[in-house]
Amino acid sequence: MNNITKSIVFLFIFAIISGCSSHVALSKKSSGYQYKGEKYGAVNLTYASEISQDASKMTRLDQMNLENAIKRALQSNSLFDKNSTEVVEVEIQNIRIRNAFLAIMFGFMSGSDSIDGSVILKKNDKELADFNVSANYALGGFAGGQNDARLGWLSEKFAELTSNTIIGKQ
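According to our numbering, the sequence shown is numbered sequentially starting from 164.
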């Protein structure tokens with residue numbers, strides 16, 4: 164293989180590997196948290212002040228429908244009971260969404276879409292655990308660069324990470 168072909172193959176593999184990533188970090192005080200069968204009856208979604216004051220970010224968050232995605236993820240893991248008083252509180256602390264044109268034309272070279280938030284699990288107003296969730300999406304092109312695909316992936320991944328962390332599934 165010549166050097167140009169090797170470079171193209173390396174770039175392609177790098178793009179695939181770095182295309183989508185996610186991370187969850189339990190706080191130090193929650194490091195011993197273990198799921199004990201709790202069911203949650205509500206998801207309270209709030210936004211950091213700099214996000215809530217940015218109309219374009221709020222529009223993107225509305226399109227993501229994150230609260231419903233989290234509820235669906237909780238339901239799929241039998242963690243949701245509308246009669247429960249236990250609450251999942253989510254604060255979105257950072258969001259970056261690329262322009263659709265840049266995502267389609269330049270893909271991962273235009274950076275990544277990302278969402279970061281903190282999650283607090285509460286029972287009778289007492290904190291059971293808290294953790295930070297981060298999801299990134301850097302793919303692009305005609306199929307992967309569309310807003311629906313990118314926002315949907317971020318929303319579903321954030322919800323999946325939240326639900327899986329509650330039950331201790333990594």
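Even for Gly, the Cβ is constructed at its ideal location relative to N, Cα and C. Since this is a predicted model, take the numbers as computed values, not measurements.
Check, Outcome
"Sequence-distant residues of its chain with Cβ nearer than 7 Å to Y300 (five each side left out)", "C183, S275, D276, R313, W316 and L317"
"Assumed close pair K245, G200 - CB separation to whole angstroms, cut-off 8 Å", "So it is not a contact: roughly 17 Å between Cβ atoms."
"Terminal residues of the beta strand (DSSP E) in which Q216 lies", "Note, Q216: premise wrong, no beta strand (DSSP E); not H, not E."
"I330 vs Y198 beta-carbon contact at 8 Å", "yes"
"Straight-line gap, N240 to R261 (C-alpha atoms, nearest Å)", "31 Å"
"C-beta atoms of S185 and D293 nearer than 8 Å", "no"
"Collapsed DSSP secondary structure at F321 in the structure displayed", "helix"
"Supposed contact pair V253 and L208 - C-beta distance, whole angstroms, cut 8 Å", "5 Å"
"Top-ranked residue by Cα proximity to N327, from I258, R259, G280 and L237", "L237"
"Proximal residues to I258 (C-beta, below 8 Å), its chain only, five neighbours per side dropped", "I214, K220, R223, L224, S277, I278 and D279"
"Own chain, CB closer than 8 Å to A232, minus 5 neighbours either side, in chain order", "S318, E319, F321 and A322"
"Beta carbon of N287 nearer than 8 Å to that of T248", "yes"
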